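Every position in the sequence shown, counted from 1, becomes a number in my numbering once 3 is added. Idealized CB from N, CA, C, for every residue including glycine. Quick caveat: nothing in here was measured; it's all calculated off a predicted structure.
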Amino acid sequence: FRKLHLGFAMFSRENLDDIRSYLVDALPASAPNPPSALASSPSSKRASSVEEATSAPPRSSFGGAGAVSSSNRIGCGLLDAVLAIMIAHNVTPAEEDGVRVLQAASPDEVALVQFAESVGITLLSRSATQIELAMPNGERRVLSILQEFPFTSSAKRMGIIVRDEASQRVWLYVKGADSVLAKMVRFNDWLDEETGNLARDGLRTLVFARRELDDREFSLFETRWHQARLQSHGRASALLDVQRTLELDMELLAVSGVEDKLQPGVRGALEKLRHAGVRVWMLTGDKVETATCVAVSARLAERGEPLFHMVGITSRVEAAAQLAVYRRGGGKVLIVDGTSLSVLLEHFASEFVQAALSAPAAIASRCSPEQKATVAKLLKKAASGRLVAAIGDGGNDVSMIQAAHVGIGIPGKEGKQASLAADVSVVTFAHVVRLFLWHGRNSYKRSARLALFVMHRGLIIAVVQVVYSAIFFYAALSVYHSYILVGFSTVFTMFPIFSLVLDEDVSPGVADTYPELYGELHKGRSLNMRQFCTMVFKGVYQGTAIMVVSVYLLWDETYFSLMHLAAISFTALVLTELLMIALEINRWRFAMVLAELLSMLCYFGAVLLLPHVYDRAIVFSGPFLARVIVVTAVSCLPVTIGKFLKRKFSPPSYSKLG
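Here it is as structure tokens:
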């Protein structure tokens, strides 16, 4: 909690002692049978507008008539406002490990109730049917809950009907967004201005209003509500229509401002993401002014950076005109409100998304969960070749998280709905940087190298077989025994694969310091047509070299043996694959060396265990090993030289960073 505005007075967190004093003065002295906390003069005697209240101060619903003085006026106004805060909520007091805590789905509600308790009004209990309050003068007030209207993202408000058990008077309290309640309260000249001022301070605003219901009106409401609940079709719409019959000509009580603090590290995280080439959109349910203030404080939009506001659009013509103006200007941070977004998505969805993609950043305020999900889906279609990641920490973000390519959830004060619905969960927003720049980059590069290796491994052995068949007049024979063919794709080359998926080209510190390294991934150099063609060329060359050189070295033998040919070529084939993996590793570790040695041990173990495949007397002889070395050298040396020259004269950018 930061501020509370009554229309004629404003209080901040620094004025808690003053607020407490005003409340004590506004309440009657404690008595054995104290007057009703909700007893006031008849509603007809209350001021019908703020302007009338200026000349005739209203009487508080808590306590007696009160004197017509500035102090009493402020006290009565504060009492009514704090009472509304303590009634219109879903906070429940509970005990955890002997400590009293307040539980609620929304952190804003907890903050407001904590504010009310800090000025002397305590929430003793709250159930589905009753609210019990302790007043600063020692009184205890019990209010029966007659009906609740839960908060929904579409309604943007919540309401509650209560009866004061002492006076038997019935009140409707409503709390919600100013854009909704402005149409429900009596005429006033300060609501729009003050909510705008609070929003420009970066505060989330809530408007509180009330209305007294007489017996006839409440009885009629109950009848209509019961009838609406019995409908089998259109029940939700019918219930909302009945609710709206009460939300008319309400008395505006106050506007609260609650600060939604940025998590530590958000500013730096957003800055690094921008340097990494990640386009950031902020979709929020806050007011335009609040969203703009938060965006500037988070450095999503720099101070002094030009902003383009698409707000207040209500027709297709206006939407088309605004889009045309933005296209001509360009290069500005785009800010759009919920109403305008609805019109734009309805008539110019693709045009709006394309225009927004050209902006350095986009900010959408007063967004409903449905709008957030729609924007995520449109971005998936429009941003071809790019992935959309949705990050959220509240229940309102679940639909957006599920609509994006990748959903990232953050456990927040509102619960873990976002984390449970997401593909990935992080503790704080700052951890998104490591998720992207380190884990994301490594995942992409490792996956690319692994894919190329698997294709190369399959291609090279296929080429060996093709060349073998061509040399021996296309005989329908397999050059290798089925046992070692299976071993080639499994144990003989399995362990070094872990070297590829565990290798790092830079340290975590370098990846964090130079986010531009992540931006280079957008160029697709790790896995593109050039890389694929290079892999195919290497596979064809090495497969051909292995078989041709092996045949050449055995051709002058007195007794040409296919078993010896298979042994030499297959041994060279395994060594070639292990050397190709070794050439790809940037930072050697003990486990990687062990993987290479273990693969060799597995292969030579197979030589010992398969005497009908390998002639051990030949395999472990000097001439055999010499031929294997020659074949492997012919196969790998050109590739090794080419890789060395490339690193020497055209090194990758990360190699210069250490």
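Beta strand (DSSP E) runs contained entirely in the region 359-384, provided each spans 3 or more residues: You should have 364-367.
Limits of the alpha helix (DSSP H) - the one that Arg3 falls within: Past the boundaries of the shown model lies residue 3; the chain is included only from 4 to 661, so the question cannot be answered.
Anticipated Cβ contact below 8 Å, Ala87 with Ala352, distance rounded: Rounded, the Cβ-Cβ distance is 40 Å, inconsistent with contact.
Beta bridge counterpart(s) of Ala257 as assigned by DSSP: In DSSP, Ala257 forms a bridge with Phe211.
Exposed unless 16 or more other CB atoms sit within 10 angstroms - verdict on Glu54: Low confidence applies to Glu54: its pLDDT is 33, below 50, so where it sits in the model is not reliable enough to give any reading.
Inter-residue Cα distance where the pair is Val470 and Val539: Rounded to whole angstroms, Val470 to Val539 spans 15 Å at the Cα level.
The region 502-516 touching the region 436-446, judged by at least three CB pairs closer than 8 Å: Counting Cβ pairs under 8 Å, three or more are found: they touch.
Three-state class that DSSP yields for Lys178 in the structure shown: Here Lys178 carries a strand assignment [DSSP, helix/strand/coil].
Touch test, the region 10-25 against the region 74-83, Cβ-Cβ under 8 Å, three pairs minimum: At 8 Å Cβ cutoff, the stretches touch.
Collapsed DSSP secondary structure at Ser128 in the structure displayed: DSSP places Ser128 in strand when its eight states are reduced to three.
Cutoff 6 Å; reference Glu274; Cβ partners in own chain excluding five residues on either side: Counting only Cβ-Cβ distances below 6 Å, and skipping sequence neighbours, we find Arg302.
Closest Cα partner of Pro309 within the set Leu286, Ile316, Ile338: Selected option, being the one with the closest Cα: Ile338.
Segment contact flag, the region 461-475 with the region 542-552, C-beta cutoff 8 Å, min 3 pairs: Because the criterion of three Cβ pairs below 8 Å is met, the region 461-475 and the region 542-552 touch.
In DSSP terms, what Asp167 is bridged to: DSSP lists Leu146 as partners of Asp167.
Burial state of Met285 (16 or more Cβ within 10 Å): For Met285, the number of other beta carbons within 10 angstroms of its own is at least 16, and it is reported as buried.
Validate contact between the region 212-224 and the region 156-173 using beta carbons, cut 8 Å, 3 pairs: Yes, they touch.
CA nearest to the CA of Leu201, picked from Phe152, Glu250, Pro499, Cys296: The residue with the shortest Cα to Cα distance from Leu201 is Cys296.
Nonlocal neighbours in the same chain, by C-beta distance under 8 Å from Leu557, ignoring five residues either side: Result list for Leu557: Phe563, Ser564, His567, Leu568, Ile571, Arg630, in chain order.
Pair within 8 Å by beta-carbon distance, Ala180 and Asp195: No, Cβ-Cβ distance for Ala180 and Asp195 is not below 8 Å.
Length of the line joining the Cα atoms of Glu17 and Met313: Glu17 and Met313: Cα-Cα distance of roughly 36 Å.
Selected residue, minimal CA-CA separation from Asp204, among Leu149, Asp244, Lys264, Ser222: In terms of Cα proximity to Asp204, the closest of Leu149, Asp244, Lys264, Ser222 is Lys264.
Inter-residue spacing [alpha-carbon to alpha-carbon] between Ser128 and Gly260: Linking Ser128 to Gly260 through their CA atoms gives a straight-line distance of about 25 Å.
Beta-carbon proximity list for Ala424, same chain, < 8 Å, skipping 5 on both sides: The residues are Val401, Ile404, Gln405, Gly410, Gly412.
Pairwise C-alpha distance: Ser428 and His408: Spanning the two alpha carbons is a distance of roughly 15 Å.
8 Å Cβ cutoff met for Arg189 and Leu136: In this structure, the beta-carbon distance from Arg189 to Leu136 does not fall below 8 Å.
Buried versus exposed call for Ala478 [16 or more other C-beta atoms within 10 Å across all chains shown]: Classification for Ala478: exposed.
First and last residue of the uninterrupted beta strand (DSSP E) at His8: Where His8 is concerned, the enclosing beta strand (DSSP E) starts and stops at 6-8.
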